[in-house]
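*Asks:* Before I ask anything, let me first share the structure, which is written out below as structure tokens.
In this note's numbering, the protein residues as written are 15 to 333.
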């Protein structure tokens, strides 16, 4: 099936801080900033992007866009460093973001004001995820810990010493019972989301992990990282289902299509690849970016993939 219409817009680097009145772009097509993370609301009406300048210690960006026309509808201002993770809650009411300095913030989407600041991680927080019911938030830190928080009162529910070295990625299973994490120790680990007990360990990657993602039905778990490969695992028995090769640099982001039949992957090599889960093979994908790809996200209707890059191109590809 492949790509029928590509809508990726090339842009130039902009070094203005987000607070400067000349900096904000009115539409997604005009946006010129480093996009490290992105997420769609479940109803497909809203897209959030996060990032900042390529310098990690400059103020970070969190921007909300109306999907229908790409218009910028608001900003969540306040991260002092680049924002590396952003996730909307299942009901779309909350937004969680995390910065290079370790600050995790929960925002009220309607008002774009912060509700809670979560400040326990020491150092970079690379990844976070809401539980399916939205009552919990899991965060993964450079300090090797994964913390589960109560989203209503910001209380710490459980802290897990997850990895030797940084904990780089985290994802809740669709049923909310399992938490998958990846780390600098080359391992994918599975945890009981209620108790924090370790349930399993998936070995096979040759370098640090950068991304983990569950298929919508929970039958597969995808993992990817600095070894340039993507592995798919069968969750019922934790066995390897497939190894997908083709990227020429670190794989930074993976996302399953809403129907679970395809996987999108983005890499520092600039490529965005589409994979057929059943055939365990590569499909035709969008043209390669001129700069590193940091995030890929399927729209809820499965027809569009958002691609965020390092100060080169951002856009949406219709698939």
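Positions of the beta carbon are idealized from the N, C-alpha and C atoms, including for glycine.
Note that the structure is a prediction, hence the values are computed from the model and not measured.
Within 10 Å of its beta-carbon, does residue 351 have 16 or more other beta-carbons around it, so buried, or fewer, so exposed?
*Replies:* Nothing about residue 351 can be read from this structure; the chain reaches only from 15 to 333.
*Asks:* Is it true that the CB of residue 224 sits closer than 8 Å to the CB of residue 235?
*Replies:* Contact flag unset, no.
*Asks:* Within 10 angstroms of its Cβ, does residue 69 collect 16 or more other Cβ (buried), or is it exposed?
*Replies:* Residue 69 is exposed by the Cβ-count criterion.
*Asks:* Is any heavy atom in the ligand GDP found nearer than 7 Å to the beta carbon of residue 200?
*Replies:* Ligands are entirely absent from the displayed structure, and the ligand GDP is therefore not among its contents.
*Asks:* Report the CB separation of residue 97 from residue 50 in whole angstroms; it is logged as a contact under 8 Å.
*Replies:* At roughly 7 Å, the Cβ-Cβ gap stays under 8 Å, so residue 97 and residue 50 are in contact.
*Asks:* Does DSSP classify residue 157 as helix, strand or coil?
*Replies:* The answer is coil: DSSP assigns residue 157 none of H, G, I, E or B.
*Asks:* At what residues does the beta strand (DSSP E) containing residue 215 begin and finish?
*Replies:* Taken as a continuous stretch (DSSP letters only), the beta strand (DSSP E) holding residue 215 covers 212-216.
*Asks:* Taking the alpha-carbon of residue 217 as reference, which of 232, 231, 244 and 209 has the nearest alpha-carbon?
*Replies:* Among 232, 231, 244 and 209, the Cα nearest to that of residue 217 belongs to 244.
*Asks:* Roughly how many whole angstroms lie between the Cα atoms of residue 107 and residue 173?
*Replies:* Spanning the two alpha carbons is a distance of roughly 25 Å.
*Asks:* Taking just the CA atoms, how far does residue 251 sit from residue 35?
*Replies:* Since pLDDT at residue 35 reaches only 34, below the 50 mark, its modelled position is unreliable, and the value read off the structure follows with that caveat. Answer to the nearest angstrom: the Cα atoms are 54 Å apart.
*Asks:* Taking residue 219 as the reference, give the member of 209, 207, 186 and 265 with the closest Cα.
*Replies:* Nearest of 209, 207, 186 and 265 to residue 219, Cα basis: 265.
*Asks:* Do residue 135 and residue 159 count as a contact pair if the criterion is CB distance below 8 Å?
*Replies:* Result yes, Cβ atoms of residue 159 and residue 135 sit closer than 8 Å.
*Asks:* Between the Cα of residue 183 and those of 190, 195 and 177, spot the shortest distance and give me the residue it belongs to.
*Replies:* Measuring from the Cα of residue 183, the nearest candidate turns out to be 195.
*Asks:* Take residue 176 and list the residues in its own chain whose beta-carbon comes closer than 8 Å to its own, dropping the five residues that flank it on each side.
*Replies:* Around residue 176: 154, 158, 159, 160, 195, 197, 203 and 205.
*Asks:* Report all residues from its chain with a CB closer than 7 Å to the CB of residue 58; omit the five preceding and five following residues, and keep chain order.
*Replies:* Answer for residue 58: 81, 313, 314 and 315, listed in chain order.
*Asks:* Thinking C-beta only, is residue 93 closer than 8 Å to residue 2?
*Replies:* The structure shown has nothing for residue 2, since the chain only spans 15 to 333.
*Asks:* Could you tell me which of 211, 319 and 127 sits nearest to residue 272, measuring between CA atoms?
*Replies:* Ranking the options by Cα distance to residue 272, first place goes to 319.
*Asks:* Under a three-way DSSP split, which group does residue 227 fall into?
*Replies:* Strand.
*Asks:* Find the nearest neighbour of residue 167 within the set 254, 56, 227 and 151, judged by alpha-carbon distance.
*Replies:* If we check each option's Cα against that of residue 167, 151 comes out closest.
*Asks:* Could you have a look at residue 278 and say whether DSSP puts it in helix, strand or coil?
*Replies:* Residue 278: strand per DSSP, three-state reduction.
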